[in-house]
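Novice:
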Amino acid sequence: MKRVIDRLIALSRIDRRVIYVVMLLVVALPFVTPVRFRAKASEETLRFDRALDAAIASDAPVIVSLDFGPQTQAELEPIFLAVLHKLFFHKKKVILLNFIVEASALARQYLHEMEQEYDLTYGEDYAYLGLATPYYIAIYAMGTSIEDFFHEDDRGTPLSEIPLMQKVRKLGDAAAVIDVASPNLPHHWVNFGVTPYKIDLLVGATAVKATDYYPYLQAEQIKGLIAGGRAGAELEGLIKDQGVRPEFGSATTSLASQSLALLAIIVFIVIGNVGYFVGRTRRQGRGR
Amino acid sequence: MVTKIGYRLPFVLMLVFGVLFVVQYFVPHPAIKSTTDGIQQIKQPVSAFIIFIGLVGLLVMHARRVKNRERRWGYSLVTLTSAAAMAVVGMVWGVDQGTVYADWFTYLLSPIEATMFSLLAFFVASAAFRAFRARTAGATILLVSAFIVMFGMIPFFEELFPPLSKLASFIVSYPNTAAKRAILIGTSLGAMSVAIKTIFGIDRTILGREQ
Chain D
1 MKRVIDRLIA LSRIDRRVIY VVMLLVVALP FVTPVRFRAK ASEETLRFDR ALDAAIASDA
61 PVIVSLDFGP QTQAELEPIF LAVLHKLFFH KKKVILLNFI VEASALARQY LHEMEQEYDL
121 TYGEDYAYLG LATPYYIAIY AMGTSIEDFF HEDDRGTPLS EIPLMQKVRK LGDAAAVIDV
181 ASPNLPHHWV NFGVTPYKID LLVGATAVKA TDYYPYLQAE QIKGLIAGGR AGAELEGLIK
241 DQGVRPEFGS ATTSLASQSL ALLAIIVFIV IGNVGYFVGR TRRQGRGR
Chain A
1001 MVTKIGYRLP FVLMLVFGVL FVVQYFVPHP AIKSTTDGIQ QIKQPVSAFI IFIGLVGLLV
1061 MHARRVKNRE RRWGYSLVTL TSAAAMAVVG MVWGVDQGTV YADWFTYLLS PIEATMFSLL
1121 AFFVASAAFR AFRARTAGAT ILLVSAFIVM FGMIPFFEEL FPPLSKLASF IVSYPNTAAK
1181 RAILIGTSLG AMSVAIKTIF GIDRTILGRE Q
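In the order they appear, the protein sequences are chains D and A. Per the numbering used here, residue 1 is the first one in the first sequence, and the count goes up by one each step. Per the numbering used here, residue 1001 is the first one in the second sequence, and the count goes up by one each step.
#1: May I ask you to report which of helix, strand or coil DSSP gives Ser-65/D?
#2: Ignoring anything shorter than 4 residues or poking outside the stretch 135-176 of chain D, list the alpha helix (DSSP H) runs there in chain order.
#3: Between the alpha carbons of Gly-1190/A and His-1029/A, how many angstroms are there, rounded?
#4: Skipping 5 residues on each side, what residues in its chain have a beta carbon closer than 7 Å to that of Phe-1132/A?
#5: Roughly how many angstroms lie between the CA atoms of Phe-85/D and Pro-1155/A, to the nearest whole one?
#6: If you run the structure through DSSP and keep just helix, strand and coil, what is Ala-127/D?
#7: Does the stretch 86-98 of chain D come close enough to the stretch 116-133 of chain D that 3 or more CB-CB pairs lie under 8 Å?
#8: Let me confirm a value: Gln-1211/A is counted as buried when at least 16 other C-beta atoms fall within 10 Å, else exposed. Which label applies?
#9: Along the stretch 240-256 of chain D, what residues have a CB closer than 8 Å to any CB found in chain A?
#10: Let's see if you can read the secondary structure: which residues bound the alpha helix (DSSP H) around Ile-1112/A?
#11: Cα separation between Leu-159/D and Asp-67/D?
#12: List, in order along the chain, the chain D residues whose C-beta lies closer than 8 Å to that of Ser-1110/A?
#13: Just verifying my parser: in three-state terms, what is the DSSP assignment at Gly-1057/A?
#14: Taking C-beta to C-beta, are Ala-28/D and Lys-223/D nearer than 8 Å?
#15: Please confirm if Leu-1020/A has its CB atom under 8 Å from at least one CB of chain D.
#16: Below 9 Å on C-beta distance, what does Gly-272/D contact in chain A?
#17: List, in order along the chain, the chain A residues whose C-beta lies closer than 8 Å to that of Pro-34/D?
#18: Determine the DSSP secondary structure at Val-1100/A, reduced to helix, strand or coil.
#19: Secondary structure at Val-244/D, three-state DSSP: helix, strand or coil?
#20: Please classify Gly-1006/A: is it buried, with 16 or more other beta-carbons within 10 angstroms of its beta-carbon, or exposed?
#21: Whole angstroms is fine: what's the gap from Val-1027/A's alpha carbon to Tyr-140/D's?
#22: For Asp-200/D, name the three-state secondary structure that DSSP assigns.
#23: Would you mind stating whether Gln-221/D and Val-194/D have Cβ atoms separated by less than 8 Å?
#24: How about Phe-31/D: is its C-beta nearer than 8 Å to some C-beta of chain A?
#25: Tell me which residues share the same chain as Pro-70/D and place their Cβ nearer than 7 Å to its Cβ, disregarding the 5 neighbours each side in the sequence.
#26: Beta-carbon of Gln-1211/A versus every beta-carbon of chain D: anything under 8 Å?
#27: With DSSP as the reference, label Gln-1211/A as helix, strand or coil.
#28: Less than 8 Å between the CB atoms is what I'm expecting for Val-180/D and Ile-79/D, so what's the real figure, rounded?
#29: Counting only C-beta atoms, is Ile-1171/A closer than 8 Å to chain D at any point?
#30: Counting C-beta neighbours from all protein chains within 10 Å, is the total for Ser-65/D 16 or more, i.e. buried, or is it exposed?
#31: Can you check DSSP and say which residues form a bridge with Leu-96/D?
#32: First and last residue of the beta strand (DSSP E) that includes Gly-193/D?
#33: In the DSSP assignment, what are the bridge partners of Asp-179/D?
#34: Taking only beta carbons into account, state which residues of the stretch 98-127 of chain D come closer than 7 Å to chain A, listed in chain order.
#35: Alpha carbon to alpha carbon, what distance is there between Thr-252/D and Gly-232/D?
#36: Compare the Cα-Cα distances from Leu-238/D to each of Leu-25/D, Leu-260/D, Asp-49/D and Pro-215/D and report the closest residue.
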């Protein structure tokens, strides 16, 4: 018995390098094996998809705000690409912009890929306005006039010369605004876009930030929320079922890694707690 | 006398612009709207200037470190060289797809930043193992909630035990939302209080003490 207790206490003091190796294995393993998990769509994801369908059904173009950099690219890129694929598949006109500097290079890269895949024409099927700063001023000013704030697009073309921008002169002219963001930008979209101008806002966020947006989702200030990588996989499943994409995207691939990593963390916490309680009981026994 | 006016001027400006922007949010009169829109146009170059000031500050700090051979000056040299290289290739050859700038971003900056961020998974696992203990009733509730939410996120357990997923969704949608809403309302009231004190000059600490 004493030996078992000693082992349990020793287990609760595992070297952190062992934890790192286990995490490395569980994260990497699904990428080299055919293990794939399919996530059942949650109510939030279904709401997002319904709101996206409603925006597609409208005649007006959609504004998409890309607000993530390489740090959160693995989690948010699948969401962003799933949204863009669905919009362009349905021949929806898209106006793209971003509020963080690093997103500009990503935006150009994604739009280049989309342009080739869907044979898009710049200025007619899509437009990229570029970086907008400061974000709160930009959002609020776009409610009155997009042209007065931006003047020209990312390529330096005056907005007055872009046919697509003649259909969307202010935020209210768009069918919806979709913000895929790692920082707190959806919060500012609600304050400076949704409240004064009554726009429909859809949000894709990291799992860590998503919990901040549930109050807005309940109050319907946000019409749909994709919360992190798992919800990204749910969205990929939905658009595959709808025939938008032939295959699942990278969120579905990484779902197995995420699930196994969560399982490993749970096991580590259990081991830590068992060791803690056994050790405490022994200390208390000695105290008597 | 001049010093006193100089000290009071920022407070007068804060009062005028603060009240104007609060009023325009609630009074959608075209005259007020056009005035504030005009002011907002000024904020764009101001914002650009702030970024410029930040950049100059960063460069001066690192240049000083390199010049004085301070501790870890090599990192400062890497910062200065990288900043200069990205700026030059961006301005000379452009930033579109296929340019050197875009390639450096895709093949250098992206992997570096993603690697730094992904280290979090290892640190979080290690920290959770060491610190997440059911020491008190509060910590136990937190632990049980975390377990339910984590299990609810794993598709395998969702299939095996469907109520788990619903329970996880309930925790995120209700107790979490209630707490977040309370924090949101609290911080918003705090921000309003600070704004009112600043706009009406009650809190003058932002400009230091009156001479």
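Ideal Cβ positions, reconstructed from N, Cα and C, are used throughout, including at glycine. All figures in this text were calculated on a predicted structure; none of them were measured in a lab.
Specialist: Reading off the structure:
#1: strand
#2: 135-142 and 146-150
#3: 29 Å
#4: Within its own chain, the residues whose Cβ lies closer than 7 Å to the Cβ of Phe-1132/A, once the five positions on either side in sequence are excluded, are Leu-1143, listed in chain order.
#5: Note that residue 85/D corresponds to His in the displayed sequence, not to Phe. For His-85/D and Pro-1155/A, the distance between alpha carbons rounds to 25 Å.
#6: Of the three classes helix, strand and coil, the one that applies to Ala-127/D here is strand, per DSSP.
#7: Flag = yes, the stretch 116-133 of chain D and the stretch 86-98 of chain D touch.
#8: Unreliable positioning characterises Gln-1211/A in this predicted model, as indicated by a pLDDT of 46, which lies under 50. The coordinate reading is nonetheless provided below. Gln-1211/A comes out exposed.
#9: Leu-255
#10: 1110-1131
#11: C-alpha separation (whole angstroms): 22 Å.
#12: Pro-70 and Gln-73
#13: helix
#14: Result no, Cβ atoms of Ala-28/D and Lys-223/D do not sit closer than 8 Å.
#15: Chain D places no beta carbon closer than 8 Å to that of Leu-1020/A, leaving this residue out of the contacts.
#16: In chain order: Ala-1128, Phe-1129, Arg-1130, Ala-1131, Phe-1132 and Arg-1133.
#17: Within 8 Å Cβ-Cβ: nothing; Pro-34/D doesn't reach chain A, min ~15 Å.
#18: helix
#19: coil
#20: exposed
#21: Approximately 15 Å between the Cα atoms of the pair.
#22: coil
#23: yes
#24: no
#25: Glu-102
#26: Per-residue confidence for Gln-1211/A stands at a pLDDT of 46, beneath the threshold of 50, marking its modelled position as unreliable; no derived number is given.
#27: Reliability of the predicted coordinates at Gln-1211/A is poor, the pLDDT of 46 falling under 50, and the value obtained from them is presented with this limitation in mind. Three-state result, Gln-1211/A: coil.
#28: Indeed, because the Cβ distance is near 5 Å, the residues count as touching under 8 Å.
#29: No, its Cβ sits nowhere closer than 8 Å to a Cβ of chain D.
#30: buried
#31: Val-64/D and Tyr-128/D
#32: Counting along the chain, Gly-193/D falls outside any beta strand (DSSP E), and DSSP gives it neither H nor E.
#33: Ser-65/D and Val-203/D
#34: Those residues of the stretch 98-127 of chain D placed with their C-beta closer than 7 Å to a C-beta in chain A are Ala-105, Arg-108, Gln-109 and His-112, ordered along the chain.
#35: The alpha-carbon of Gly-232/D is positioned some 8 Å away from that of Thr-252/D.
#36: In this structure, Asp-49/D is the residue among Leu-25/D, Leu-260/D, Asp-49/D and Pro-215/D with its C-alpha nearest to the C-alpha of Leu-238/D.
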